[in-house]
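Report on the following structure.
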Amino acid sequence: LKKKEAICGSPAQHQSAGITVCLTYCNDDDERFITAGENLDFDLNLRKTFIFSRRQQKLLGAVTSITLRGDGHQFFVTTDKCHLYRFNYADFTHELINTCHYAAVNDIRFPSGCSELFATCSYQDVRVFNTNTQQELLRINIPNMNCYCIDLLADGTAIVSGWDDSKIRAFYPETGRLMFTIQNAHKKGVTALCSTSTCNRLISGGGEGQVRVWDITEVRPPDVQQRHGRTRRRRGCSGDEKGVPESSFVTKLVEAMHEHTNAVSCIQISKDDLSCVSASADSTCIIWCLEKQIIFSNTLFRCICYHPNEWQVITSGTDRKIGYWEVYDGSLIRQLEGSRSGSINGMDITKDGNTFVTGGDDKLVKVMDTYWSASKIVNFIVFFFVSLYS
């Protein structure tokens, strides 16, 4: 520092020049440090002349921080793709400890009758997580595309998703391989999606405001066993080159319903698959049977739920109100204040219809009693943290 001269250094070359974003010293050796930058981890030794990299590992995303553990026998590395790695210093091996989406999460779904797994979608990928361990089990990547919505078929045989390139893509849940694609499903991207209980129809909503019904027909190979009219596929083998033969699928547009004038934000279907309700950014909710009743309100609806008895629907949106609507004539039954600040962006209801949960811009998850006043709301502050494993 007194002489303002570099003790050590390495000339930059066009093959290796990059941006070093973080640096940490080893606790038990002053002549050893770890540096990282874009997509690389380096373990370096100090030299009086030039320094050179001894070992390196390629990571997913640019490195944002490095933290030593204990005496330096291990260290943790995080990247801008929301990956947390643990390195062993002796052999310089690494393992992925935890990960999550690095962009906004657009949708989340649980399988029918199962709370141990859940699927999420975001920019470029669809992921499946274990609820108990929070570990990622499956990742489906579509580069440079944004996934707006997902749904899981009731029999668990497919993950269907809607994308901003106007395509509906279905994937095998065991391997993540593509099952089928519906081309040009909507003009301005697929913004909402749900499936029937029979798993042979999809209902989609688009950015242009249309609600469309798609018929899915599975053409089974002759040597594949059948059960209840559908293909019986061995778990863990579907879509695998070494597994059972894959079925082919034929998709057909059954109906296109034109009523919304803006993007469809949510679609829910009734238990009997005879009617569905859609919410849109044009401030309307529509119950289709094909068209049974139109519900108008001066709010931009974000989400909607059928009551399990299906005699009413519950809506919420940018006006921070939770509305109860009569399905028969579309009349408003009552309203509750769902949030004091910010819109309500997500909502779901239990199977018994006694409790529903909301989440919104106020960063609170609220558990509400369906039949009592808002004073029975229980608030849970939602925050994110990174847990380092010892």
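All letters in the sequence shown, in the order written, are residues 1 to 390 by full-length UniProt numbering. Glycine included, every Cβ here is placed at the ideal spot set by N, Cα and C. Source: prediction; values computed, not measured.
Would you mind stating whether residue i and residue j have Cβ atoms separated by less than 8 angstroms?
i, j, result
"residue 317", "residue 344", "yes"
"residue 115", "residue 131", "yes"
"residue 77", "residue 85", "yes"
"residue 249", "residue 179", "yes"
"residue 323", "residue 260", "no"
"residue 321", "residue 338", "yes"
"residue 59", "residue 79", "yes"
"residue 281", "residue 309", "no"
"residue 212", "residue 185", "yes"
"residue 92", "residue 57", "yes"
"residue 121", "residue 161", "yes"
"residue 315", "residue 304", "yes"
"residue 319", "residue 342", "no"
"residue 181", "residue 169", "yes"
Provide the residue span of the beta strand (DSSP E) that contains residue i, from first to last.
i, result
"residue 169", "168–171"
"residue 100", "Premise fails: residue 100 is in no beta strand (DSSP E) and is neither H nor E."
"residue 107", "107–109"
"residue 256", "248–258"
"residue 348", "344–349"
"residue 369", "364–369"
"residue 161", "159–163"
"residue 355", "355–360"
Nearer than 7 angstroms: is that true of the beta carbon of residue i relative to any heavy atom of the ligand NAD?
i, result
"residue 108", "Looking for the ligand NAD in the displayed structure turns up nothing, as the structure carries no ligands at all."
Could you compute how far the alpha carbon of residue i sits from the alpha carbon of residue j?
i, j, result
"residue 366", "residue 357", "6 angstroms"
"residue 233", "residue 214", "Only weak support is given to the placement of residue 233: the predicted model assigns it a pLDDT of 45, under 50, and the question is left unresolved by the model."
"residue 183", "residue 167", "5 angstroms"
"residue 140", "residue 159", "10 angstroms"
"residue 188", "residue 264", "11 angstroms"
"residue 284", "residue 330", "11 angstroms"
"residue 393", "residue 278", "Residue 393 lies beyond the residue range present for the chain, which begins at 1 and ends at 390; the question has no answer from this structure."
"residue 47", "residue 55", "Confidence in residue 47 is poor, its pLDDT being 46 and thus under 50, which makes the residue's placement too unreliable to answer from."
"residue 42", "residue 216", "Caution applies to residue 42, whose pLDDT of 47 falls short of 50 and renders its modelled position unreliable; the value that the coordinates give is listed next. Each residue's alpha carbon lies about 51 angstroms from the other."
"residue 219", "residue 251", "11 angstroms"
"residue 142", "residue 94", "26 angstroms"
"residue 68", "residue 62", "18 angstroms"
"residue 346", "residue 74", "40 angstroms"
"residue 247", "residue 72", "52 angstroms"
"residue 81", "residue 87", "17 angstroms"
"residue 99", "residue 326", "43 angstroms"
"residue 101", "residue 137", "13 angstroms"
"residue 418", "residue 205", "Residue 418 lies beyond the stretch modelled for the chain, which goes from 1 to 390, so this question has no answer here."
Between residue i and chain C, is any beta-carbon pair separated by less than 8 angstroms?
i, result
"residue 266", "The chain inventory of the structure shown lacks chain C, comprising one protein chain alone."
Whole beta strand (DSSP E) elements within the region 268–337, 3-residue minimum: Qualifying beta strand (DSSP E) stretches, in chain order: 276–280, 284–288, 293–296, 301–306, 312–317, 321–326, 332–337.
What are the uninterrupted segments assigned as beta strand (DSSP E) that are 3 or more residues long and contained completely in the region 117–155, given in chain order? Given a length threshold of 3 residues, each whole run of the beta strand (DSSP E) inside the region 117–155 is given here in chain order: 117–121, 123–130, 136–152.
Cβ pair count under 8 angstroms reaching 3, the region 88–108 against the region 136–154: Contact between the region 88–108 and the region 136–154 is present, because at least three Cβ pairs lie under 8 angstroms.
Cβ contact check for the region 185–198 and the region 273–284: 3 or more pairs under 8 angstroms: As far as the Cβ criterion goes, the region 185–198 touches the region 273–284, which means the pair count is three or higher.
What ranges does the beta strand (DSSP E) occupy inside the UniProt repeat "WD" (183–216), keeping only unbroken runs of at least 3 residues that lie completely in it? 190–195, 201–206
Which runs of the beta strand (DSSP E) at least 3 residues long sit entirely within the region 61–103? Give them in chain order. Counting whole runs of 3 or more residues, the region 61–103 contains the beta strand (DSSP E) stretches 63–69, 74–79, 83–88, 94–99.
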